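Numbering (full-length UniProt numbering), first residue to last: 1 to 325.
C-beta atoms are modelled at their ideal positions from N, C-alpha and C, and glycine is treated no differently.
This one's a predicted model, so the numbers in the text were calculated from it and none came from an experiment.
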């Protein structure tokens with residue numbers, strides 16, 4: 001970012017200012033008028049990524065290996081009734097991201113599956129437990145083998161997860177997520193989170209009044225602990241962050257801000273399920289309340305989108321922990 005002080009009073013950084021211009025004015029205007037790098041006219045249409053586009057973004061790193069250039073490691077857990085979806089992303093300070101591992105808890109033994117086809121469920125992994133108990137047991141198992149471990153780094157170093165956001169939106173499991181986050185031995189690393197759908201007709205995220213003790217960042221805020229749950233939690237604009245993540249996925253390998261996947265090109269099809277999750281939604285540019293924003297929708301043919309939510313949560317976590325570009 002060549003001019004880090006350039007942003008408006010209702011924005012928190014030059015990155016947000018630039019990205020808001022990109023969303024409001026469109027990519028051709030952004031690159032031509034603000035970056036002095038006009039886009040080829042042939043690139044203006046067909047902006048949605050395909051699964052093949054995702055499968056072309058292979059980094060060459062081993063599974064579970066943190067690139068030596070990365071200084072942040074974030075994780076997200078998406079809670080479903082039958083299974084937990086999780087993903088870990090390593091980050092450089094300029095928001096270059098590397099998906100280094102992902103999966104489900106319990107693990108599935110097939111390379112491709114949908115939510116409706118899952119047979120290795122949380123309930124089966126915790127015989128005798130009710131719904132909340134099975135989810136809690138799953139969170140315990142998962143946190144021990146991800147948050148509770150060291151991740152190897154290229155060159156022989158070790159890293160630990162800096163922040164793990166856990167989805168607390170599902171009302172059935174909300175209180176459980178807060179309870180687990182308070183009681184876990186990894187308190188301070190594991191944090192409840194809520195993605196908010198902020199559409200064009202909604203109140204803009206940064207228009208909400210900042211309360212005493214709140215931390216406010218790039219279309220996210222960490223609310224001060226309340227009397228009921230006594231723990232901090234993250235709130236973020238899921239529409240804005242989905243656009244941000246897709247911009248990272250659309251960035252060419254080698255360019256700053258690119259997001260890529262672990263593995264080798266000859267085995268890229270092992271990521272087919274992840275690629276389908278990441279391309280399970282499309283954006284509609286919508287105007288309202290004097291704003292123009294991307295609103296993200298799932299395709300009419302219902303497709304699982306849980307790892308898309310996961311990568312978004314990891315990006316929010318990286319911003320919370322200091323990635324700034």
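Query                                                                                                                                                                      : Result
Jot down the residue ranges of each uninterrupted alpha helix (DSSP H) in the segment 67–134, minimum 4 residues, whole runs only, in chain order.                         : 122–125
Below 8 Å CB to CB, which residues in the same chain sit around residue 208 once its five sequence neighbours on both sides are set aside?                                 : 221
Please report how far the alpha carbon of residue 45 lies from the alpha carbon of residue 321, in whole angstroms.                                                        : Because residue 45 carries a pLDDT of 34, less than 50, the predicted location of this residue cannot be relied on, and no value is offered for it.
Quick check on the DSSP output: the beta strand (DSSP E) that includes residue 178 runs from which residue to which?                                                       : First-last for residue 178: 171–183, but that is the alpha helix (DSSP H), not the beta strand (DSSP E).
Determine, using beta carbons only, whether residue 249 and residue 58 come nearer to each other than 8 Å.                                                                 : no
Which stretch, first to last residue, makes up the beta strand (DSSP E) that contains residue 297?                                                                         : 291–298
On the three-state DSSP scale, how would you describe residue 281?                                                                                                         : strand
How big is the Cα-Cα spacing for residue 101 and residue 107?                                                                                                              : 13 Å
What is the DSSP secondary structure of residue 306, reduced to helix, strand or coil?                                                                                     : helix
Which residues in the same chain as residue 303 place their Cβ atom closer than 6 Å to its Cβ, once the five residues preceding and following it in sequence are excluded? : 280
Compare the Cα-Cα distances from residue 105 to each of 285, 136, 92 and report the closest residue.                                                                       : 136
Can you tell me where the alpha helix (DSSP H) holding residue 249 begins and where it ends?                                                                               : 238–250
Go ahead and label residue 97 buried or exposed: buried means 16 or more other beta carbons lie within 10 angstroms of its beta carbon, across all protein chains shown.   : buried
Is DSSP giving residue 234 helix, strand or coil here?                                                                                                                     : strand
Does the Cβ of residue 79 have 16 or more other Cβ atoms within 10 Å, making it buried, or fewer, making it exposed?                                                       : buried
Are there three or more Cβ pairs, one per stretch, closer than 8 Å when the segment 183–202 is compared with the segment 113–122?                                          : no
Kindly identify the DSSP beta-bridge partner or partners of residue 153.                                                                                                   : 66
So, is residue 284 buried or exposed, given that buried needs 16 or more other C-beta atoms within 10 angstroms?                                                           : exposed
Mapping DSSP to helix, strand and coil, what is residue 26?                                                                                                                : Residue placement at residue 26 is flagged as unreliable, the pLDDT there being 47, under the threshold of 50; the coordinate-derived value follows with that caveat. Coil at residue 26, not helix or strand.
So what does DSSP say about residue 199, is it helix, strand or coil?                                                                                                      : coil
Can you tell which of 311, 293, 294, 274 has its C-alpha closest to the C-alpha of residue 50?                                                                             : 274
Under 8 Å, with one C-beta from each stretch per pair, do the segment 185–199 and the segment 137–151 reach the 3-pair mark?                                               : yes
My understanding is that residue 134 touches residue 195, with C-beta atoms under 8 Å, so please give their C-beta distance in whole angstroms.                            : Residue 134 to residue 195, Cβ: 23 Å. No contact.
Contact check, residue 264 vs residue 60 under 8 Å by CB: the rounded distance?                                                                                            : 6 Å
In whole angstroms, what separates the C-alpha of residue 91 from that of residue 74?                                                                                      : 8 Å
Would residue 242 be called buried (16 or more neighbouring beta carbons within 10 Å of its own) or exposed?                                                               : buried
To which residues of the same chain is residue 125 closer than 6 Å at the C-beta, ignoring the five residues directly before and after it?                                 : 106
Alpha carbon to alpha carbon, how far is residue 259 from residue 185?                                                                                                     : 31 Å
Which residues in the same chain have their Cβ closer than 6 Å to the Cβ of residue 167, if we skip the five residues on either side of it in sequence?                    : 78, 79
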